[in-house]
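Contents: one structure, followed by commentary.
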Amino acid sequence: MLGECKALANETRLRILDWLKDPAAHFPCGGDAVELGVCAGLLQHKAGTSASTMSAHLAILQRAGFLLATRRGQWIYYRRDEDRIRAFTEKLQQAL
Numbered sequence: 001m002l003g004e005c006k007a008l009a010n011e012t013r014l015r016i017l018d019w020l021k022d023p024a025a026h027f028p029c030g031g032d033a034v035e036l037g038v039c040a041g042l043l044q045h046k047a048g049t050s051a052s053t054m055s056a057h058l059a060i061l062q063r064a065g066f067l068l069a070t071r072r073g074q075w076i077y078y079r080r081d082e083d084r085i086r087a088f089t090e091k092l093q094q095a096l
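The UniProt record's numbering puts the first residue of the sequence shown at 1, with every later residue one more than the last.
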């Protein structure tokens with residue numbers, strides 16, 4: 001549970017999870033945003049970060065179990081893992 005909490009201890013990562021909660025609202029031109037997720041480039045542009053910084057944020061969220069990734073050609077699309085997020089929040093609520 002410590003890894004998940006550390007992943008959420010960053011404002012940019014929290015915003016990423018928020019944006020991916022409703023990708024169509026935050027990435028209206030994203031095309032595949034509903035089906036596959038949102039590509040890292042769109043997330044990077046919205047966050048105003050470098051590609052390497054966004055890659056690090058996405059890797060941390062993925063390792064914590066909050067994101068799922070789908071590769072299509074050279075693009076990787078990210079979406080929330082709602083089941084894992086729900087399990088984490090239930091576990092956190094029990095711990096507190």
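Idealized CB from N, CA, C, for every residue including glycine.
(message) Suppose the cutoff is 7 Å on Cβ atoms and the five residues either side in sequence are ignored; what does the same chain contact list for Lys-21 look like?
(response) Working through the sequence shown from its first residue, we reach residue 21 at position 21. Cβ within range, chain order: Arg-80.
(request) Taking the CB atoms as reference points, tell me whether Leu-61 and Ala-7 lie closer together than 8 Å. (result) Reading the sequence shown from its first residue, position 61 is the one you call residue 61. Reading the sequence shown from its first residue, position 7 is the one you call residue 7. In contact: Leu-61 and Ala-7 (Cβ atoms closer than 8 Å).
(message) Looking at the strands, I want to know which residues DSSP matches up with Ala-69.
(response) Here residue 69 is taken as the residue at index 69 of the sequence shown, counted from 1. Ala-69 is bridged to Tyr-78.
(message) In this structure, how does DSSP classify Cys-29 when only helix, strand and coil are distinguished?
(response) Counting from one through the sequence shown, the residue named residue 29 turns up at place 29. Cys-29 falls in the coil class under three-state DSSP.
(message) Quick check on the DSSP output: the alpha helix (DSSP H) that includes Met-54 runs from which residue to which?
(response) Locating residue 54 in the sequence shown gives position 54, counting from the first residue. Run containing Met-54: 51-63, per the alpha helix (DSSP H) assignment.
(message) Under DSSP, the alpha helix (DSSP H) around Glu-35 begins and ends at which residues?
(response) Along the sequence shown, read from residue 1 onward, the residue named residue 35 stands at position 35. It is not in any alpha helix (DSSP H) - Glu-35 carries neither H nor E in the DSSP assignment.
(message) Taking the alpha-carbon of Arg-86 as reference, which of Ala-40, Ala-64 and Gly-73 has the nearest alpha-carbon?
(response) In the sequence shown, counting from the first residue as 1, residue 86 sits at position 86. Of the candidates Ala-40, Ala-64 and Gly-73, the one whose C-alpha sits nearest the C-alpha of Arg-86 is Ala-64.
(request) Identify whether Gly-48 lies in helix, strand or coil by the three-state DSSP scheme. (result) For the purposes of this step, residue 48 is taken as the residue at position 48 of the sequence shown. Looking at Gly-48 - three-state DSSP - the assignment turns out to be coil, as it is neither helix nor strand.
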